[in-house]
Each structure stands twice: as structure tokens, then as C-alpha cells.
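Going letter by letter, the sequence shown gives residues 116 to 441 in my numbering.
We put the beta carbon where it would ideally sit given N, CA and C, even for glycine.
One structure is given below, encoded as C-alpha cells.
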Amino acid sequence: MNTSIVYFCYLLNTNSTDLGRRLKQVLTHSSYKKLWKLQTEDCSRYTFLGMYAFKGLTAEHLENFKTGTGQQLQHTLGNIFSKNRLDSLFDEWNLKRYVRVAPDFDIEKHKHVFVYALMGYLYSCVETDKLVDFMNKHLIDTVHLNEHNSMRHNLLAQLNFISMQIYKKKAKVLPLKENGKYSVRIQIPDKEILAEQESKSLHYARKKAIVKAIKKMVDDNQVDFSENPDYLAILESRKELKRIEKASQIRKMHEKWLARQEEKKEARKQAKLTRMEEKKQIEERRRKAKIERKRRLDQIARQKAEAANRSMSSAKRRFLEDKGRL
Numbered sequence: 116m117n118t119s120i121v122y123f124c125y126l127l128n129t130n131s132t133d134l135g136r137r138l139k140q141v142l143t144h145s146s147y148k149k150l151w152k153l154q155t156e157d158c159s160r161y162t163f164l165g166m167y168a169f170k171g172l173t174a175e176h177l178e179n180f181k182t183g184t185g186q187q188l189q190h191t192l193g194n195i196f197s198k199n200r201l202d203s204l205f206d207e208w209n210l211k212r213y214v215r216v217a218p219d220f221d222i223e224k225h226k227h228v229f230v231y232a233l234m235g236y237l238y239s240c241v242e243t244d245k246l247v248d249f250m251n252k253h254l255i256d257t258v259h260l261n262e263h264n265s266m267r268h269n270l271l272a273q274l275n276f277i278s279m280q281i282y283k284k285k286a287k288v289l290p291l292k293e294n295g296k297y298s299v300r301i302q303i304p305d306k307e308i309l310a311e312q313e314s315k316s317l318h319y320a321r322k323k324a325i326v327k328a329i330k331k332m333v334d335d336n337q338v339d340f341s342e343n344p345d346y347l348a349i350l351e352s353r354k355e356l357k358r359i360e361k362a363s364q365i366r367k368m369h370e371k372w373l374a375r376q377e378e379k380k381e382a383r384k385q386a387k388l389t390r391m392e393e394k395k396q397i398e399e400r401r402r403k404a405k406i407e408r409k410r411r412l413d414q415i416a417r418q419k420a421e422a423a424n425r426s427m428s429s430a431k432r433r434f435l436e437d438k439g440r441l
């Protein structure tokens, strides 16, 4: 079973048979509906939901978790939902097997329409948490998150990113020199001091203070999900999904192994038949050669017998007597 189909079954809490029936309804184009005069809905409303509602949810997700200006976020969103990207998702999810269109409709030019329709359908019936997980798994990757962040290895950028998520403010780095030593303090405006560090080196004190502040913010705002039933249910569903995927991979590998064994068996069978045929041909040639040899020997014997019985002329007799051969 296709991995993406398994994932969609998990999202929609259904089996593969029911999923196929749903997708065929969702991915029915208006051209097919007009051709067969169907009374069911086509994919146009779901396409609208995908292009604006689902895309808007993705934009909100990016705004919450990605740094950058509004224009940079707009570029990232455009790259995520580019036609080439959506066309590749259409092929990756093998949606062509579920799409229903009129015979004269060119699917290759409209793959993105059906991907939007599927996204709109997911938006209409899947919980937001699962939708966000779907975005992270299939749409947003580290390339999109980091494409405008050339300072992603900069500790100060990381500090400001985390403080903006928690306090909606950037942290202040406050250096102070006293008695030949530097003291660096990290503080959120109008709030507590996150960290302090002293050193003879300003660079060292600044770096250590920022690292301490980052660790403190992360530790203080870390949520313990170990006893949360919803979180445990999600973990269990992910384990089940991985188990299904692994079982599917093992089954595919076993099927490939069986196919290879069958190919080898057929090859051995053909080789055996070839050897038997060659052996028959060799034996036939030997039999014919034996018959031919016997025929030649018999012919030579007959010729000798005929020569022995043939009467000799008087002239030849005298010639042979003169030569001493008789």
C-alpha cells in the first residue's frame, strides 16, 4: 500500500477502501459530472477551500513559527504552493487513480486543481492539530523554514526568535565593564533577567549569557506531555502508522523476493530445457553420423567384393604377371 494513502487513512480515521471511495467523490471534475449528468457535487468547492482556507491556515502556521519579513513569508508561501510543487505532490500521492474527468480533459495541465481539492477536503473534516502535522510532513520542510534565515546559526537570532514566541518581545543584551571584567546581562524589557555571565572576554561573556538565556527559556516553557492522554494517543497512532508502513515495506520486499525466486526458477527451467534440446540434437547428429559411417563402410565393402568378383582381361593379367603381382 502506498505510504501516503496509509497516512491519509490515519488523517481521516478510515480504511483504504473507504478512502478510495471518498477520494473519487472529492476528485470528480465538473467535466465528468456534465458528461454523465451526475447529481453529485464536483471538486470545485473543495478546490476553493484548499486555495484559500487551507492556504490561509498554512500562512498562519508560517507566521507563528518562521522568522522573516512579511514579504519573505509571502515568498515562502508561494514556493510551498507553487504549481510545480503541487504537480509533484499529485504524482507522489498517486491521485490520478482517483481522479474522474471527461476523456477530452487534460489532467497534466490541471494537477494542482485536484491537489487543492484534496487539501480543501482535509480542511473540512480533519482536526487542526492533524492538519498542522500534515503541513509539516508533506508541505513545509527545513528548506522553506530556513530559506530566508541566513543567520540561523547565529545565537542572537535564535535568542530573539524564541523570546518573540514566548514574550512577543526581543531580548536585550546588556554588556557592562567593571574592574577589567565584562558582565553581560540578557533581559526581556520590563521583565525578569534571563541570564548573566562575567568574563575577561566580552565575546565569551556574551556568547555564554545568550546560551544560558536560550536554555532557561526553553526549560521554563517546556511542557510535559508524558501523562497527557491526547499526546499518548497521538504517539500510539504514530506507532501504529509506522507499524503499518513497516509491514507494508516488509510485504513488498517479500513479494519482490518471491518474484525474483520465480524468475530464477523460470530461468533454471528454461536453461534445463535448452540443455535437453542441445543434448537431443547432439545425440541425433551422432546417430546420423553412425548411420552414414555404416553406409560408407558397407559401400566400400560392396565395391571390394565387386572388384574381387569381376573377371580380369587377358591383357591386364599378362601386365600384372610381368610386374610380378600375380
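Return yes when the Cβ of residue j is within less than 8 Å of the Cβ of residue i, no when it is not.
i    : j    : result
F229 : C158 : yes
A174 : Y238 : no
Y213 : K139 : yes
I325 : L246 : no
I277 : I349 : no
F220 : H144 : yes
K315 : K327 : no
T191 : K198 : no
K170 : D202 : no
A217 : L153 : no
Y282 : K252 : no
Buried or exposed for residue i, please, with buried defined as at least 16 other CB atoms from any protein chain shown within 10 angstroms of its CB.
i    : result
L205 : The identity of residue 205 in the sequence shown is Phe, whereas the question assumes Leu. Buried, by the Cβ-count rule.
I255 : buried
W372 : exposed
M332 : buried
M116 : Any reading at M116 needs caution, since the residue's pLDDT is 40, under 50, leaving its predicted position unreliable; the model's value is listed next. Exposed: under 16 other Cβ atoms inside 10 Å.
L210 : buried
A374 : exposed
R410 : exposed
K383 : The amino acid occupying residue 383 in the given sequence is Arg; Lys does not appear at that position. Answer is exposed; the Cβ neighbour count stays below 16.
Got a sec? Which residues, its chain only, sit under 7 Å from residue i by beta carbon, not counting five neighbours each side?
i    : result
V162 : It is Thr, not Val, that sits at residue 162 in the sequence shown. Cβ within range, chain order: V228, Y231, A232 and G235.
A404 : none
K317 : Reading the sequence as shown, one finds Leu at residue 317 and not Lys. Only P290 and Y297 meet the Cβ criterion.
For residue i, I'd like the list of residues in its chain whose CB is within less than 8 Å of its CB, leaving aside the five on either flank, ordered along the chain.
i    : result
K322 : L270
Q302 : A286, K287, L289, I308 and L309
T155 : Q140, T143 and K148
N130 : C124
Within the same chain, show all residues whose beta-carbon is closer than 6 Å to that of residue i, passing over the 5 residues directly before and after it, in chain order.
i    : result
S298 : L291 and E313
E378 : none
L347 : none
So what's residue i in DSSP terms, helix, strand or just coil?
i    : result
K139 : helix
K292 : strand
L153 : coil
M116 : Low confidence applies to M116: its pLDDT is 40, below 50, so where it sits in the model is not reliable enough to give any reading.
K315 : coil
A310 : strand
S298 : strand
K245 : helix
K284 : coil
T132 : helix
I believe residue i touches residue j by the beta-carbon criterion, under 8 Å. Please report the beta-carbon distance rounded to the nearest angstrom.
i    : j    : result
E178 : L164 : Not quite, the Cβ-Cβ distance comes to about 20 Å (not below 8 Å), so this is no contact.
L126 : F249 : 6 Å
R472 : E293 : The first residue shown for the chain is 116 and the last is 441, placing residue 472 beyond what the model contains.
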